[in-house]
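A.B. asks:
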Amino acid sequence: MRLKFIGVALLCAFFMMNIVFTQFMVHQYYYENYVNVLIFGGLNIVVFPLALFTYKKTKNEKA
Amino acid sequence: MPSDKNNKIPFNEDNYTHNIERNNERKLDRRGFMKTLVGAAGVFAISSLPWGAVAAKELLGLGDKEYPHKKITDVSKLAIGDALEFKFPGDHDDALLIRLSEKKYVAYQNACTHLRCPVFWVKEEGEMVCPCHHGKFDVETGVPTAGPPRRPLPEIQVKVENGAVYAVRVKRYEA
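Line by line, the protein sequences are chains S and W.
Start counting at 1 in the first sequence, then tack on 1244, and there's your number in our numbering.
Start counting at 1 in the second sequence, then tack on 120, and there's your number in our numbering.
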């Protein structure tokens, strides 16, 4: 893959992780496993700075 | 005669979107797309906060509090096999009380665990039915027996005192 699309690929991966974690979090909430809710909510929050970092690192990537 | 028109016949073209500057107008480049993704991650992060907050609240035991006992009905007003809707613990939490026998009462919060439609009691069939997608629940335990719901209905503990039925608390989900 061309180097300039690494950032896009990484961010897409983060986006997918967001979706999965959110789904999990909501389901675990209704199953009343509240510790799991906190874990996945925390993961969701951690992904944001990672995504921001990835964006800043790769936005000027040249082919 | 003076006119604000320039007296030129518009040139003939079949492109009626000629006034849209198409070059670069709606371009979504790589960087813009990445910004969108970062923004989405931010939205996900913010939207997980309330879930975390309510989960923490439940973990701290605030969710398991005992509500003030609430009188549902008088024993004499509810025949065996009949059901009665009431609100517990809040004013917007629909619940259903069913009298199964002389002494046995069951009560559930009757928002279907699939998509929260109100579950009702079908006396002839002896089961609780959700009208939206034909989910069925066992009346003794609240466990789903058919249809889309997968989690049992939250059970409300009731007690009979002085000829009246009281709602005491909502049972925790156990699985």
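Here a beta-carbon is modelled for each residue, glycine too, at the ideal position from N, C-alpha and C.
These numbers were taken from a predicted model, which means no experiment stands behind them.
Would a C-beta distance cut-off of 8 angstroms place residue 267 of chain W and residue 250 of chain W closer than the cut-off?
C.D. replies: Yes, the Cβ-Cβ distance between residue 267 of chain W and residue 250 of chain W is below 8 angstroms.
A.B. asks: Could you tell me whether the segment 1251–1271 of chain S touches the segment 1291–1304 of chain S, where touching means 3 or more Cβ pairs closer than 8 angstroms?
C.D. replies: Yes, since at least three Cβ pairs between the segment 1251–1271 of chain S and the segment 1291–1304 of chain S fall closer than 8 angstroms, the two stretches touch.
A.B. asks: Using the C-alpha atoms, what's the distance from residue 161 of chain W back to residue 1285 of chain S?
C.D. replies: Rounded to whole angstroms, residue 1285 of chain S to residue 161 of chain W spans 12 angstroms at the Cα level.
A.B. asks: Can you look up residue 178 of chain W in the DSSP assignment and give me helix, strand or coil?
C.D. replies: Looking at residue 178 of chain W - three-state DSSP - the assignment turns out to be helix.
A.B. asks: Can you tell me where the alpha helix (DSSP H) with residue 200 of chain W in it begins and where it stops?
C.D. replies: No alpha helix (DSSP H) holds residue 200 of chain W; DSSP gives it neither H nor E.
A.B. asks: Quick one: measure Cβ to Cβ for residue 229 of chain W and residue 280 of chain W, integer angstroms, because I've assumed they're closer than 8 angstroms.
C.D. replies: That pair is no contact at about 20 angstroms.
A.B. asks: If you drop the 5 nearest sequence neighbours on each side, which residues of the same chain put their C-beta closer than 7 angstroms to that of residue 190 of chain W?
C.D. replies: Correct list, in chain order: 208, 286, 287.
A.B. asks: Helix, strand or coil for residue 1299 of chain S? Go by DSSP, reduced to three states.
C.D. replies: DSSP places residue 1299 of chain S in helix when its eight states are reduced to three.
A.B. asks: Under three-state DSSP, which class holds residue 1248 of chain S?
C.D. replies: Helix, per DSSP.
A.B. asks: Could you have a look at residue 256 of chain W and say whether DSSP puts it in helix, strand or coil?
C.D. replies: It is a strand residue.
A.B. asks: Taking the C-alpha atoms as reference points, what is the distance between residue 67 of chain W and residue 1300 of chain S?
C.D. replies: No statement about residue 67 of chain W is possible, as the shown extent of chain W runs from 121 to 295 and does not include it.
A.B. asks: Among W:187, W:216, W:181, whose alpha-carbon lies nearest the alpha-carbon of residue 198 of chain W?
C.D. replies: Cα-wise, what sits closest to residue 198 of chain W is W:216.
A.B. asks: What span of residues does the beta strand (DSSP E) with residue 286 of chain W cover, start to end?
C.D. replies: 284–290 is the extent of the beta strand (DSSP E) around residue 286 of chain W.
A.B. asks: Specify, as a first and last residue, the run of the beta strand (DSSP E) that residue 225 of chain W falls within.
C.D. replies: Start and end: 225–229.
A.B. asks: Please go through the same chain and pick out, in chain order, the residues whose beta-carbon is closer than 8 angstroms to the beta-carbon of residue 246 of chain W, but skip the five residues on each side of it.
C.D. replies: So the list reads 259, once near-sequence residues are dropped.
A.B. asks: Against residue 179 of chain W, what residues of chain S qualify as contacts under a CB-to-CB distance less than 8 angstroms, listed in chain order?
C.D. replies: Chain S residues near residue 179 of chain W: 1278, 1279, 1282.
A.B. asks: Hey, out of W:273, W:223, W:204, whose CA is closest to residue 237 of chain W's CA?
C.D. replies: Among W:273, W:223, W:204, the Cα nearest to that of residue 237 of chain W belongs to W:273.
A.B. asks: Just to confirm before moving on: does the CB-CB distance between residue 232 of chain W and residue 255 of chain W stay below 8 angstroms?
C.D. replies: Taking 8 angstroms as the Cβ cut-off, residue 232 of chain W and residue 255 of chain W qualify as a contacting pair.
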